[in-house]
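Taking numbering that gives the first Met the number 0, the leading residue of the sequence shown gets 0, the next gets one more, and so forth.
Note that beta-carbon positions come from the ideal geometry of N, C-alpha and C, so glycine has one too.
Quick caveat, the model's predicted, so the values are computed rather than measured.
Below: the structure, in structure tokens.
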Amino acid sequence: MVNSDFVQQFNENGYAVIPNFLSDEEIVEMKKTMARIVDEMDPKEHSSHIFHLDDKTCKSRDEYFLTSNDKIRFFFEPKAVDQDGNLTVPKSRSVNKIGHALAWLEPVFKKITFGEKVKDVCRQLGHKDPRVVQSMYIFKNPVIGQKVSTHQDSTFLYTDPPSNLLGFWFALDDAAVENGCLYFLPGTQNVNPTSRFVRTPNPGTTGDLTMIRGVEPDYPLDQFKPAPVSKGSLVLIHGNVIHRSEDNTSDLPRHAYTFHVVDHHNAQYSKENWLQPSEALPFPKLYDVKV
Ligand code: FE2
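Here's what the structure looks like:
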């Protein structure tokens with residue numbers, strides 16, 4: 000059973016850190032699996048899919064991105080790919096993230112995601128029917144790993160009511176200010192999102208498959224609190240809590256595995272969200288999957 004100290008921390012701040020959640024063996028296994036996946040990837044097949052976090056036009060969010068819910072797909076660092084799609088850095092450092100069905104398709108990640116400890120965390124937070132909606136491996140590689148600007152996860156994975164989304168974020172390296180740890184605006188879990196990242200209802204001639212509806216307010220950067228954590232820590236992130244991270248300008252990696260659950264007992268997952276379940280992979284019910 001996971002020590003329940005995190006519940007109060009989570010309810011007060013909208014996030015909580017549980018140190019030593021993963022064992023060293025689990026981390027080694029996850030990293031080894033990911034190194035193999037990257038090694039086997041042919042950049043020519045995937046490298047046109049660059050992850051532009053600040054691309055407000057959303058032109059980089061194409062079919063490859065939209066249909067990644069039941070696949071393992073690669074999204075590259077903008078600085079890692081030239082205009083012709085060739086890599087400018089070694090393949091092992093070129094990827095920004097891989098998503099969005101690792102939890103289902105890769106046994107190592109499935110074992111962690113549907114393990115008893117994760118189920119226990121959800122039970123302690125009162126989730127009745129949590130379902131896993133997406134999973135990702137985030138590289139934030141040395142020197143090239145780009146920042147993630149201020150956001151709420153509920154902008155991207157909106158639920159009605161908008162407070163039933165929970166992020167699990169596992170540090171696979173020590174994450175400090177120097178290599179791009181998370182920063183939070185504590186206590187903002189009750190702030191409902193003012194913008195939504197959705198599939199464009201009628202793409203028409205623009206061809207833009209996704210759009211941002213609404214406007215995100217500017218938040219005071221000096222009020223964010225860094226959350227440095229040691230390798231193996233789990234950071235729980237309320238879907239509404241406002242957070243961000245900086246570039247990794249250091250020579251240290253900052254790998255993380257992350258997934259999100261929605262408690263379907265109390266909430267509806269929005270059909271407008273960019274990410275939708277498919278026939279091949281409906282959102283798996285966390286408590287029903289045995290590993
Ligand atoms: Fe986030």
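- In terms of CA proximity to Ser244, Phe138 leads the group Val288, Phe138, Pro192.
- For the beta strand (DSSP E) assignment, the uninterrupted runs of no fewer than 3 residues enclosed by the stretch 64-139 are, from N- to C-terminal side, 71-75, 94-99, 129-137.
- Remark: the C-beta of His237 is outside contact range of ligand 1, defined as less than 7 Å to any heavy atom.
- The distance from the Cβ of His254 to that of Lys30 is about 7 Å, consistent with a contact at the 8 Å cut-off.
- Cβ atoms of Pro281 and Val131 stay farther apart than 8 Å, at about 10 Å.
- For Arg35, the enclosing alpha helix (DSSP H) starts and ends at 23-39.
- Contact between Phe167 and Val117 holds, since their C-beta atoms are separated by about 7 Å, short of 8 Å.
- Linking Gly13 to Val6 through their CA atoms gives a straight-line distance of about 10 Å.
- In the DSSP assignment, Lys224 falls within the beta strand (DSSP E) that extends over 224-226.
- Looking from the CA of Pro219, the closest CA among Ala226, Asp250, Asn201, Thr187 belongs to Thr187.
- Rounded to whole angstroms, the gap between the alpha carbons of Gly213 and Leu65 is 20 Å.
- The residues Thr158, Val261, in chain order, have a CB closer than 6 Å to that of Tyr268 in the same chain once the five nearest residues on each side in sequence are set aside.
- The beta carbon of Pro225 is closer than 8 Å to those of Val176, Cys180, Leu181, Tyr182 in its chain, skipping five residues each way along the sequence.
- Residues with their Cβ less than 6 Å from any non-hydrogen atom of ligand 1, running along the chain, are His150, Asp152, His242.
- The stretch 198-260 contains, as complete beta strand (DSSP E) runs of 3+ residues, the segments 209-213, 224-226, 233-237, 241-244 (chain order).
- Leaving aside the five residues that flank Asp172 on each side, the residues in its chain whose CB is nearer than 6 Å to its CB run, in chain order, Lys230, Pro252, Arg253, His254.
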